[in-house]
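Here the sequence shown is numbered in the numbering used here, starting from 62 and rising by one per residue.
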Amino acid sequence: MLYSTSGDKVVVAGKANFRFKVGKLVYEQEAIVARLDQLSGILGVDFLSKHGGEIHFRDRTLRLEGRCVNLVTEGYKGCSRVRICETVSVPASSECHFKGYIGGAINSAEDIEEPNTVIGNQGLMMAKVFVDATWNEINLSVMNLSAKNVKLRK
Numbered sequence: 062m063l064y065s066t067s068g069d070k071v072v073v074a075g076k077a078n079f080r081f082k083v084g085k086l087v088y089e090q091e092a093i094v095a096r097l098d099q100l101s102g103i104l105g106v107d108f109l110s111k112h113g114g115e116i117h118f119r120d121r122t123l124r125l126e127g128r129c130v131n132l133v134t135e136g137y138k139g140c141s142r143v144r145i146c147e148t149v150s151v152p153a154s155s156e157c158h159f160k161g162y163i164g165g166a167i168n169s170a171e172d173i174e175e176p177n178t179v180i181g182n183q184g185l186m187m188a189k190v191f192v193d194a195t196w197n198e199i200n201l202s203v204m205n206l207s208a209k210n211v212k213l214r215k
């Protein structure tokens with residue numbers, strides 16, 4: 062079992078080999094695949110040990126194999142509320158496609174909207190949606206992983 066720093070269980074989807082870049086250095090590493098909410102990834106102690114990694118919090122730098130990389134912390138970028146056009150019922154163990162719209166301004170001309178935890182708490186998975194500020198409607202894809210029907214209200 063894998064746990065987050067807050068003590069919550071992290072659901073592991075599996076393992077895979079990844080090729081990624083840190084600064085100008087390219088690495089290949091087997092990594093655990095799991096939902097990390099707002100994070101795009103975590104460099105583990107095993108990776109840092111293998112490559113002589115040192116994190117300097119005061120200077121906001123990461124040292125790997127003798128090379129220094131600046132750490133970047135990004136602030137909150139904002140989000141938009143995805144809404145459905147009409148009340149829908151998603152049958153148990155099935156996938157549904159329906160129309161939705163963005164309730165409010167999006168951050169740029171194009172954006173990717175992600176599902177929130179309310180959807181997940183109902184046993185639903187929603188695909189990320191690429192949106193354009195000029196669109197009036199968007200197509201949503203929702204999968205019900207639970208054994209009961211779930212109603213989503215407009």
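Positions of the beta carbon are idealized from the N, C-alpha and C atoms, including for glycine.
Asked, Found
"Three-state secondary structure assigned by DSSP to G136", "Because G136 sits at a pLDDT of 46, beneath the cut-off of 50, its placement in the model cannot be relied upon, and the point is left open."
"Terminal residues of the beta strand (DSSP E) in which V151 lies", "149-151"
"A77 versus R96 - alpha carbon distance", "14 Å"
"Length of the line joining the Cα atoms of C157 and K82", "37 Å"
"Rounded C-alpha distance that separates A144 from K189", "In the sequence as presented, Ala is not what sits at residue 144; that position holds Arg. Straight-line Cα distance between these residues: approximately 13 Å."
"K160, enclosing beta strand (DSSP E) - first and last residue", "155-164"
"Top-ranked residue by Cα proximity to V73, from F118, K212, L206, V94", "V94"
"Buried/exposed call for R116, threshold 16 Cβ in 10 Å", "What sits at residue 116 in the sequence shown is Ile, not Arg. Flag for I116 reads exposed."
"Selection from V71, D69, C129, H112 that minimises the alpha carbon distance to F118", "C129"
"K215, enclosing alpha helix (DSSP H) - first and last residue", "Element bounds for K215: n/a, residue is neither H nor E."
"Outcome for G136 when other beta-carbon atoms lying within 10 angstroms are tallied against a minimum of 16", "Any reading at G136 is ruled out, since the residue's pLDDT is 46, under 50, leaving its predicted position unreliable."
"Inter-residue spacing [alpha-carbon to alpha-carbon] between L213 and T148", "6 Å"
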